[in-house]
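Just below is one structure, and these are the notes that go with it.
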Amino acid sequence: MILKYYLLALSFLLTQSIFSQEIEDQQRFVIDSLNKIGLDYSISDISKSDSILKSTLKDARNLKYDYGIAMALNNRGEMFLHSGKYDSSLVLVEKAIIIRDKINDLKGLGDSYTIIGEVHRIQGDYEKATENYIKALRFAEDANDKQGLARLKVDIGLVYVAQNKYKEARVNFTKAAEELRELGSINHVADCYNNLAMVCYYEDKYNEAADWLKKALVIYVENNNVKGQAINSTNIGATYSETGKYDEAEKYFLKGLALFRQLKNEVYETTILLNLGDLYRKKKEFIQAEKYLKLSLEKAISLKNREHKKFAYSYLAAVYEETFEYKKSIEYLTLYNNIKDSIINDINTKSISELEAKYQSEAKQRALDEQEKEIALAAAESNKQKIIIWAVSIGLLLIIVFSFIIWNRLRISNTQKQIIQTKNTENELLLGEIHHRVKNNLQVISSLLSLQERNTTDKTTKAAILDGKERVQSMGLIHNMLYQQNNFSGINMSEYIEKLIAGLLDSFGKKPEDFELKYDIKNINLDVDTAIPLGLIINELVVNALKHAYSATKEPKINVGLKEINNQLVLEVEDNGTGEVVDVQSSESFGMKLVNSLSRQLRGTIDIEQRGGLCFKIAINDYKLIP
Numbered sequence: 002m003i004l005k006y007y008l009l010a011l012s013f014l015l016t017q018s019i020f021s022q023e024i025e026d027q028q029r030f031v032i033d034s035l036n037k038i039g040l041d042y043s044i045s046d047i048s049k050s051d052s053i054l055k056s057t058l059k060d061a062r063n064l065k066y067d068y069g070i071a072m073a074l075n076n077r078g079e080m081f082l083h084s085g086k087y088d089s090s091l092v093l094v095e096k097a098i099i100i101r102d103k104i105n106d107l108k109g110l111g112d113s114y115t116i117i118g119e120v121h122r123i124q125g126d127y128e129k130a131t132e133n134y135i136k137a138l139r140f141a142e143d144a145n146d147k148q149g150l151a152r153l154k155v156d157i158g159l160v161y162v163a164q165n166k167y168k169e170a171r172v173n174f175t176k177a178a179e180e181l182r183e184l185g186s187i188n189h190v191a192d193c194y195n196n197l198a199m200v201c202y203y204e205d206k207y208n209e210a211a212d213w214l215k216k217a218l219v220i221y222v223e224n225n226n227v228k229g230q231a232i233n234s235t236n237i238g239a240t241y242s243e244t245g246k247y248d249e250a251e252k253y254f255l256k257g258l259a260l261f262r263q264l265k266n267e268v269y270e271t272t273i274l275l276n277l278g279d280l281y282r283k284k285k286e287f288i289q290a291e292k293y294l295k296l297s298l299e300k301a302i303s304l305k306n307r308e309h310k311k312f313a314y315s316y317l318a319a320v321y322e323e324t325f326e327y328k329k330s331i332e333y334l335t336l337y338n339n340i341k342d343s344i345i346n347d348i349n350t351k352s353i354s355e356l357e358a359k360y361q362s363e364a365k366q367r368a369l370d371e372q373e374k375e376i377a378l379a380a381a382e383s384n385k386q387k388i389i390i391w392a393v394s395i396g397l398l399l400i401i402v403f404s405f406i407i408w409n410r411l412r413i414s415n416t417q418k419q420i421i422q423t424k425n426t427e428n429e430l431l432l433g434e435i436h437h438r439v440k441n442n443l444q445v446i447s448s449l450l451s452l453q454e455r456n457t458t459d460k461t462t463k464a465a466i467l468d469g470k471e472r473v474q475s476m477g478l479i480h481n482m483l484y485q486q487n488n489f490s491g492i493n494m495s496e497y498i499e500k501l502i503a504g505l506l507d508s509f510g511k512k513p514e515d516f517e518l519k520y521d522i523k524n525i526n527l528d529v530d531t532a533i534p535l536g537l538i539i540n541e542l543v544v545n546a547l548k549h550a551y552s553a554t555k556e557p558k559i560n561v562g563l564k565e566i567n568n569q570l571v572l573e574v575e576d577n578g579t580g581e582v583v584d585v586q587s588s589e590s591f592g593m594k595l596v597n598s599l600s601r602q603l604r605g606t607i608d609i610e611q612r613g614g615l616c617f618k619i620a621i622n623d624y625k626l627i628p
């Protein structure tokens with residue numbers, strides 16, 4: 002008996018643990034998906050990307066999901082890389098590295114070091130860029146991250162471009178494009194085409210460059226890659242500039258500038274400003290040239306981008322030489338030579354070829370170390386086999402026992418669900434029958450009132466009976482709609498009010514086309530307890546208008562509005578008749594007394610305004626909306 006209760010308790014705890022684990026797995030899946038979506042937006046909408054990744058980081062921290070936290074930090078770092086905020090990018094990616102190192106996320110570490118390498122490359126620090134690319138290579142190989150390895154070929158190719166090693170760069174970009182196409186990473190394939198166009202541009206092969214740029218542009222547009230389109234426009238502009246098509250070049254440069262400003266990417270904006278400045282120099286528009294080059298230089302200095310500073314100095318020196326301001330020209334030429342020498346020295350300090358050779362040597366040593374580890378592990382493995390076999394056998398036995406208990410609980414649970422579902426179906430049928438009978442009974446009452454009306458000659462009595470019949474029909478309409486729609490929880494007020502008023506017009510012998518009917522009713526569904534008194538109020542107000550408002554009105558109007566405003570349900574019934582404002586509280590009219598009573602029932606307040614006719618406005622506080 003004790004064992005039985007123990008197993009039942011253990012089964013309950015195991016079931017709860019499984020359900021809890023399923024919920025946590027779902028939350029992690031959502032966080033991983035949002036991380037990907039947020040990163041995708043970083044190439045088209047920086048604000049949206051930032052909003053998604055901030056929210057995802059918060060959710061991951063609440064769940065204490067280290068992988069998700071590191072991914073969100075890293076993706077925000079890559080987002081800041083796309084927008085040119087490099088200091089922020091480095092801070093976030095370095096935080097991601099700490100977590101990824103702790104959880105041994107090899108692929109993630111490769112991604113993080115790649116981003117750090119890109120930041121240093123863009124800033125012109127090629128030694129640091131290459132060191133981080135080598136670190137990224139190690140992790141990508143250990144993780145067998147094919148996409149990461151292909152993207153690193155692109156990054157290393159860009160370092161070769163900086164060293165004027167165009168042949169090596171072309172080989173890297175071509176291989177990377179082939180590998181990324183096989184992996185389905187289309188946006189990165191387009192990046193490779195753009196880079197191949199850049200190599201052709203530096204080799205003065207402008208027609209070939211244009212072909213690569215066209216291929217890239219097709220992919221960027223199809224994938225809504227705003228950053229790619231902006232870079233592509235810049236490169237097309239540069240090609241036109243070199244071939245003397247200045248107007249076309251200006252058009253593409255300005256298009257690229259607008260896109261980069263949309264992305265808030267100051268680094269690429271600096272590049273465009275450089276290109277525009279040099280273009281205006283070629284067009285002999287020296288005031289414009291100086292303006293754009295100085296703007297570019299200011300941004301390059303604030304971003305600590307030595308490459309852009311170098312070009313800005315060079316182009317400004319050329320502008321001042323052509324405008325015969327030789328002192329300024331020499332000044333900027335000196336600055337250009339100083340920074341150029343500095344960059345070349347940094348590149349030569351530790352070339353990428355040397356670092357790659359060092360990496361290959363380390364890779365061989367690591368391979369030998371791995372072999373030794375495998376031999377040691379194989380020896381230890383044989384001693385553990387018996388222990389593992391026993392452990393697996395016991396584990397399988399426990400799993401069978403627990404599986405049987407869980408299956409039994411689920412079977413009982415499913416049986417109970419079926420019983421509840423059957424009862425719910427029966428209850429719905431009973432509720433439908435109740436509404437049907439109520440509707441029929443109200444119809445009988447209405448018919449009795451009609452008989453009584455025909456057998457009565459007194460006008461006052463006839464009018465009272467007619468009013469009572471309209472009220473009964475107002476309530477009957479609600480039960481009829483509930484029964485017909487097979488939805489017993491709520492009434493669609495827009496449909497109900499239109500049917501109610503159409504019925505009232507018919508009762509008074511009026512045609513709808515003789516009235517200008519306007520309805521301002523939002524998509525509101527109310528429960529029966531709210532809909533019935535509200536329907537009776539509308540009934541009384543419309544009947545009152547039909548009786549008294551239109552004796553001297555040629556074009557009668559009825560406006561009915563129902564909205565939820567500031568946690569109140571506001572009803573407005575307006576006519577364009579000759580009525581005057583009355584005090585509802587002291588009115589002797591039975592209809593007004595009924596409106597006042599029903600309004601109090603709904604905790605409502607009545608306000609009457611003169612707007613050409615009368616407008617009854619009732620603000621209701623006690624109501625229930627049905628989804």
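Counting the sequence shown from 1 gives a position; our numbering is that position plus 1. Ideal Cβ placement from N, Cα and C applies to all residues, glycine included. Please read all numbers here as calculations on a predicted model, not as lab measurements.
Nearest neighbour of N208 by Cα position, chosen from N560, E243, E573, turns out to be E243.
Bridge partners of G605 according to DSSP: I621.
R601 and I498 have their C-alpha atoms some 21 Å from each other. The shortest C-alpha to C-alpha distance from Y42 to any of Y241, I53, V155 is the one to I53.
If you check the CB distance, T240 and A210 come in under 7 Å. For V320, the uninterrupted alpha helix (DSSP H) run begins and ends at 307 to 323, by DSSP.
Around the beta-carbon of P628, fewer than 16 other beta-carbon atoms lie within 10 Å, marking it exposed. As summarised for the region 104 to 167, the continuous alpha helix (DSSP H) elements at least 4 residues long and confined to that stretch are 107 to 123, 127 to 143, 147 to 163, given in chain order. In the DSSP assignment, D521 falls within the beta strand (DSSP E) that extends over 517 to 522.
A Cβ-Cβ separation of about 5 Å places K154 in contact with N173 under the 8 Å criterion. Look at V574 here: in three-state DSSP terms it is strand.
Out of L184, N165, D102, G185, the CA that lies nearest to the CA of Y203 is found in N165.
For V583, the secondary structure class from DSSP, reduced to helix, strand or coil, is coil. Taking C-beta separations shorter than 6 Å and ignoring five residues to either side along the sequence, Q263 has no partners in its chain. A Cβ-Cβ separation of about 21 Å leaves E573 out of contact with K511 under the 8 Å criterion. Of the residues assessed, I288 falls on the exposed side of the cut-off, its CB having fewer than 16 other CB atoms within 10 angstroms. For K558, no alpha helix (DSSP H) segment is defined; the enclosing uninterrupted segment is the beta strand (DSSP E) at 558 to 566. E610 carries a strand assignment under DSSP once its states are collapsed to helix, strand and coil.
Residue environment analysis places V219 among the exposed positions, since fewer than 16 neighbouring C-beta atoms fall within 10 angstroms of its C-beta. Restricting attention to beta strand (DSSP E) runs no shorter than 3 residues, the region 211 to 278 encloses none. Taking a contact to require three or more Cβ pairs closer than 8 Å, the region 550 to 568 and the region 514 to 521 qualify as touching.
Closest in alpha carbon position to N481, among V529, I525, K265, is V529.
Each of V543, L615, I406 was checked against the Cα of L505, and the nearest Cα belongs to V543. Check the Cα spacing between Q611 and each of V222, T579, A620, S590: the tightest is with T579.
Between the alpha carbons of E79 and S56 lies a distance of about 16 Å. Sorting N196, E223, N225, V227 by C-alpha distance to the C-alpha of W213 places N196 at the top.
Judged by beta-carbon spacing, I492 lies beyond the 7 Å limit of L535, meaning their Cβ atoms are not closer than that value.
DSSP places A553 in no alpha helix (DSSP H); its state is neither H nor E.
By DSSP's assignment, Q28 forms no beta bridge with any residue. Residue pairing from DSSP places C616 in a beta bridge opposite E575, E610. I492 carries a strand assignment under DSSP once its states are collapsed to helix, strand and coil. Cβ contact annotation for D143 (same chain, cutoff 7 Å, sequence separation greater than five): L107, in chain order. Here R101 has A71, G109, L110, S113 as same chain residues with Cβ atoms under 7 Å from its own Cβ, once five neighbours each way along the sequence are excluded. E581 is the residue among Q230, E581, S34 whose C-alpha sits nearest the C-alpha of C616. Where E514 is concerned, there is no enclosing alpha helix (DSSP H), because DSSP gives it neither an H nor an E. Between the C-alpha atoms of H189 and H309 there is a straight-line separation of about 24 Å.
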